[in-house]
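Protein chains: 2
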Amino acid sequence: MTENLAKRSVISKPRARFIRETADVRRQALIEATARCLAEKGVAGTSVRAICARAGVSSGLLTHYFDGVDALIVATYEDVGARVSAALEQAVEEAGADPRDQLRACLQANFRAPILDPDLLATWTAFWSLVKTDPRIAAIHADVYGGTRAQLESLLCAIVPEMPQDRARLAAISLTALVDGLWLEICLDSTTFSADEAQAMVERAMMLALGQWRDEWVDQSDRP
Amino acid sequence: MTENLAKRSVISKPRARFIRETADVRRQALIEATARCLAEKGVAGTSVRAICARAGVSSGLLTHYFDGVDALIVATYEDVGARVSAALEQAVEEAGADPRDQLRACLQANFRAPILDPDLLATWTAFWSLVKTDPRIAAIHADVYGGTRAQLESLLCAIVPEMPQDRARLAAISLTALVDGLWLEICLDSTTFSADEAQAMVERAMMLALGQWRDEWVDQSDRP
DNA sequence: GACCTGACAAGCCCATGGCTCTTATCAACA
DNA sequence: TGTTGATAAGAGCCATGGGCTTGTCAGGTC
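From first to last, the protein sequence lines are chains B and R.
Residue 1 is where the first sequence starts when you use our numbering, and the numbers rise one by one after that.
Residue 1001 is where the second sequence starts when you use our numbering, and the numbers rise one by one after that.
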């Protein structure tokens, strides 16, 4: 009793001042803190305390606004995924009206900021590692991946209307895989090749997929 | 005192029987248990107790044979990486003497067992998430990736000797990225496309990289 | 200006994690 | 067969994590 009183009045430090924020502001701050934690310290280092310390709030706020740390990670995935999609969308819009330019912009944007970012990879690998475990994460993944693939497919069909549907589908999958693989490797180890080289490789693959290559070096002997 | 004695003589169950194994056997068992844990439960679920339970040993053995759980994960990465490299190597050897067949085998083997395995992806994403944090993991990654890329490059040069060095390098990087991207996606979500389709896409990319495509559908209008 | 509401901070509780330490067990050798 | 030393089991220790409770203060309301 008395000890409790003494503790409160003497030992314990005064409670920190705080300002009230709207729910949206707090949620967004927590989401951004989570993304930064994932990027900097990986899944293992992304704890409630670490996230809240970064967000500048006490650890109680996380469960106040989200249904636990897992739900916050899911929300972060949604947010980061939407941001990446928006960056690609913006690149397409800035490319003008020619669908070929739009396709090129959509592919090349993966190798410029803000998508080309090792921190983003760290966030992404954290999500990948959760796809198997958490069906919500799997659903978001399917949504994001399917969306970009469908966009590539429609652009391909717009550029080459006579392209068969199945070929367009496989071409979109191939281009996506190439971009993902290059992006993964360059984020893991940026010394292997440069972003410019990645863009050149994607450009070449795009032209090959469209059947419109223009290349000084090819082996003509085996062509039909 | 007496309680301690009673505890030991009456309450505590007798210590489990065990057999002595060589250090190699124990190490390998722990490594395999770690790989299974990573695959099934992700990094978060890969604890000392979980690993040792899977390996059928007590938790004290981990620190007895490895310098902590981090070192065990590094050893597991080395082991899994070596196993993947060995599988690719074996595929090449079984392909015969033609370097074109060898290249094809090396690429296609990524979409057959034992490499095409969602559990392996789970293990791999765990490693990717550690590349930034742990320089030992980064070194192993650079080693494995560089090795396969160099092999592809030498095969490309063997098939088309007149291919410029820089193009062979970029082609090897592109093929690796395509394979990695397809492998990643098919392991994450096997409903998007099939392993056969993945092999077909890789086959096509390989022929295009060699400048030896033979394709019924191409747009001839824009070719030089 | 009192007070009411609820967002917020602080810290407790229990579970789990990594690692250590002691003790028990086994196998090899004399 | 007894001795011995390395191997192994398992309890324990300390740190950390997540969730929750409790008390408090900011900002609006009458």
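Beta carbons are placed, not taken as given, at the ideal position from N, Cα and C, and that holds for glycine.
Keep in mind that this is a model prediction, so the values were computed, not measured.
{"Check": "I think residue 177 of chain B touches residue 1181 of chain R, with their Cβ atoms under 8 Å apart; what is that distance to the nearest whole Å?", "Outcome": "3 Å"}
{"Check": "Which complete alpha helix (DSSP H) runs does the segment 1068-1111 of chain R hold, if anything under 4 residues is left out?", "Outcome": "1069-1093 and 1099-1108"}
{"Check": "For residue 130 of chain B, which residues of its own chain have a beta-carbon under 6 Å away from its beta-carbon, when the five flanking residues on both sides are left out?", "Outcome": "137"}
{"Check": "Indicate the three-state DSSP secondary structure (helix, strand or coil) for residue 164 of chain B in the structure shown.", "Outcome": "coil"}
{"Check": "Pull up the distance between the alpha-carbon of residue 37 of chain B and that of residue 1014 of chain R, whole angstroms please.", "Outcome": "46 Å"}
{"Check": "Helix, strand or coil for residue 1034 of chain R, going by three-state DSSP, please let me know.", "Outcome": "helix"}
{"Check": "Between the Cα of residue 1164 of chain R and the Cα atoms of R:1028, R:1210 and R:1127, which residue gives the shortest distance?", "Outcome": "R:1210"}
{"Check": "Between residue 1201 of chain R and chain B, is the shortest Cβ-Cβ distance under 7 Å, so that the two count as touching?", "Outcome": "yes"}
{"Check": "How would you write the range of the alpha helix (DSSP H) that residue 1049 of chain R sits in, first residue to last?", "Outcome": "1048-1055"}
{"Check": "How would you write the range of the alpha helix (DSSP H) that residue 1118 of chain R sits in, first residue to last?", "Outcome": "1118-1131"}
{"Check": "Is residue 173 of chain B close to chain R, meaning its C-beta is less than 7 Å from at least one C-beta of that chain?", "Outcome": "yes"}
{"Check": "Check the C-beta distance from residue 1044 of chain R over to residue 43 of chain B and give it rounded, since I have them as a contact under 8 Å.", "Outcome": "6 Å"}
{"Check": "Which of the residues in the segment 23-49 of chain B, read from start to end, lie with their CB under 7 Å from any CB of chain R?", "Outcome": "42, 43 and 44"}
{"Check": "So for residue 1191 of chain R, helix, strand or coil by DSSP?", "Outcome": "coil"}
{"Check": "Going by alpha carbons, who is nearest to residue 1171 of chain R out of B:115, B:142, B:120 and B:197?", "Outcome": "B:197"}
{"Check": "Check whether chain B comes within 7 Å of residue 1127 of chain R, counting only Cβ atoms and requiring the distance to be less than that.", "Outcome": "no"}
{"Check": "Just to check, is the beta-carbon of residue 1183 of chain R closer than 6 Å to a non-hydrogen atom of the ligand FMN?", "Outcome": "As for the ligand FMN, it is missing from this structure, which has no ligand bound."}
{"Check": "DSSP three-state label for residue 21 of chain B, please.", "Outcome": "coil"}
{"Check": "Considering only their Cβ atoms, is the gap separating residue 104 of chain B from residue 159 of chain B smaller than 7 Å?", "Outcome": "no"}
{"Check": "Under 7 Å Cβ-Cβ, which residues of chain R neighbour residue 131 of chain B?", "Outcome": "1188"}
{"Check": "Got a sec, what are the start and stop residues for the alpha helix (DSSP H) residue 154 of chain B sits in?", "Outcome": "135-159"}
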